[in-house]
Amino acid sequence: MTAAPARAPAATRIMLIDDHPLVRDGLRARLETVPGLEVVAEAGHADEALAAAAAQEIDLTLMDINMRGINGIELTALFHARHPEIAVLILSMHDKAEYVMQSIQAGARGYVLKDAPSQDIVHAIETVRSGGIYYSAALARQLTQPLPPRELLTQREREVLMHIANGESNKQIARELDLSVRTVETHRLNIKRKLNIDGQAELIKFAVESRSAGGAP
């Protein structure tokens with residue numbers, strides 16, 4: 001009796017999230033030459049990305065940070081909450097450790113610089129898909145240096161923190177930043193989690209001290 005041929009492993013299904021179509025086209029061209037990788041979706045902003053994630057099976061996203069509206073770090077947190085089965089790999093031009101730490105805090109599994117060679121991007125995808133965490137070698141030295149607690153926050157979280165320091169309620173902050181009250185509440189919770197803060201009084205104290213130290217967004 002002849003044994004059945006071994007089934008080829010399923011391809012890694014990738015979504016590209018970047019608000020520049022030319023960047024997405026270039027990434028698609030680079031990745032589609034690699035066996036085992038399949039670009040199944042593209043998105044230029046958060047709404048498109050979340051809709052695509054809900055509509056089809058995706059294993060991994062390559063996500064930029066700079067995007068209109070919700071940025072890549074905030075979108076990473078949304079993916080982590082709504083679609084934890086999808087691994088997020090940040091692909092960005094930003095080479096500062098604070099961006100890497102904020103991304104990882106938000107739930108990203110890796111961080112690759114946009115000017116990295118194709119083989120590094122492929123290695124990052126393979127590492128993340130196998131359960132590891134990957135970041136570009138150029139960032140390694142920076143990541144060994146501890147960051148000030150405030151640098152762990154996203155830009156939006158810093159803005160919320162500034163309004164907290166002003167004594168504003170969630171409704172007031174939502175109105176000022178054109179957000180929903182629920183989103184502001186989520187930002188408060190994330191700030192406390194990242195800074196290991198327990199209660200509202202401690203959060204307000206940190207916000208006021210941060211402002212006094214010149215910690216503008």
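Residues in the sequence shown are numbered consecutively from 1, following UniProt numbering. For every residue, glycine included, the Cβ atom is placed at its ideal position computed from N, Cα and C.
To which residues does DSSP link residue i through a beta bridge?
i    : result
I17  : A43, M63
E57  : According to DSSP, which records beta bridges pairwise, E57 is partnered with nothing at all.
Y111 : I90, Y135
T12  : L37
If you draw a straight line from the alpha carbon of residue i to that of residue j, how long is it in whole angstroms?
i    : j    : result
P217 : A53  : Caution is warranted here: a pLDDT of 49 is assigned to P217, below 50, making its placement in the model unreliable, and the coordinate value is therefore given only provisionally. Using only the alpha carbons, I get a separation of about 31 Å.
A138 : G110 : 13 Å
V122 : I70  : 26 Å
T61  : H80  : 12 Å
R82  : M101 : 21 Å
H45  : D19  : 6 Å
H94  : D120 : 16 Å
V88  : E202 : 32 Å
P35  : A55  : 24 Å
S118 : A124 : 10 Å
A6   : D59  : The predicted model places A6 with a pLDDT of 47, which falls under 50 and marks its position as unreliable, so this point remains unresolved.
R68  : K205 : 32 Å
L78  : L153 : 15 Å
K192 : I65  : 23 Å
V208 : H163 : 10 Å
D198 : N190 : 11 Å
T127 : L177 : 38 Å
R28  : G131 : 23 Å
Just to confirm, does residue i get its C-beta within under 7 Å of one of the non-hydrogen atoms of the ligand GDP?
i    : result
G132 : Questions concerning the ligand GDP fall outside what the structure shown contains, since it holds no ligand whatsoever.
Are residue i and residue j closer than 8 Å when you measure CB to CB?
i    : j    : result
V92  : A116 : One detail in the question is off: residue 92 reads as Ser in this sequence, not Val. In this structure, A116 does not lie closer than 8 Å to S92 by Cβ.
L50  : V39  : no
K171 : V160 : no
E74  : R156 : yes
V112 : I86  : no
S210 : A165 : yes
M15  : E42  : yes
L37  : A10  : no
G107 : T76  : yes
M63  : I104 : no
Unbroken stretches of the alpha helix (DSSP H), 4 residues or longer, contained in the UniProt domain "HTH luxR-type" (146-211): With a minimum length of 4 residues, the continuous alpha helix (DSSP H) runs that stay inside the UniProt domain "HTH luxR-type" (146-211) are 155-165, 170-177, 181-195.
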